[in-house]
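Here the structure comes first, spelled out in structure tokens, and everything after it is commentary.
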Amino acid sequence: RLYACGQCGKRFAESSHLLRHLLAHSGERPFRCRLCGKSYGDGSYLAVHQRVHTGARPYPCPRCGKAFARSSTLARHRR
Numbered sequence: 407r408l409y410a411c412g413q414c415g416k417r418f419a420e421s422s423h424l425l426r427h428l429l430a431h432s433g434e435r436p437f438r439c440r441l442c443g444k445s446y447g448d449g450s451y452l453a454v455h456q457r458v459h460t461g462a463r464p465y466p467c468p469r470c471g472k473a474f475a476r477s478s479t480l481a482r483h484r485r
């Protein structure tokens, strides 16, 4: 069963994914950083943001060893 967004028609396999998607339409940003107050509509974006404060860089380059906070930054580095 697919769950469809009533506003844009996008479909999701899980109802929880639809609920997260609906935040994009509402502009609601319930996930707030306790350190700086920045807020996000998706908890996973907050988790990535918090690496700014912790200095965590969990994505090392296998070629040179330089580490990155985001997998997308590592991918760009490897190109």
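No gaps in the numbering here: position 44 of the sequence shown is 450 in our numbering, and each next residue is one more.
We treat Cβ as the ideally placed atom computed from N, Cα and C, and that holds for glycine.
Whole-angstrom distance between residue j and residue i, CA atom to CA atom
i, j, result
"Arg482", "Cys467", "11 Å"
"His459", "Thr479", "17 Å"
"Gly433", "His423", "16 Å"
"Leu441", "Ala475", "18 Å"
"Arg485", "Arg469", "12 Å"
"Glu420", "Ala453", "22 Å"
"Gly443", "Leu429", "18 Å"
"Gly415", "Gln456", "32 Å"
Close Cβ partners of residue i (< 6 Å) along its chain, the five nearest in sequence each way excluded
i, result
"Arg417", "Leu408 and Ala410"
"Ser477", "Tyr465"
Other residues of its chain near residue i: CB distance less than 8 Å, five sequence neighbours each side excluded
i, result
"Gly449", "Phe437"
Same chain, Cβ closer than 7 Å to residue i, neighbours up to 5 away in sequence not counted
i, result
"Ala473", "Arg463, Tyr465 and Pro466"
Within 7 Å, strictly: CB atoms of residue i and residue j
i, j, result
"Tyr446", "Arg435", "yes"
"Gln413", "His431", "yes"
Handout entry: Secondary structure, beta strand (DSSP E): runs of 3+ residues fully inside the region 449-475
Key = Counting only runs of 3 or more, we get nothing.
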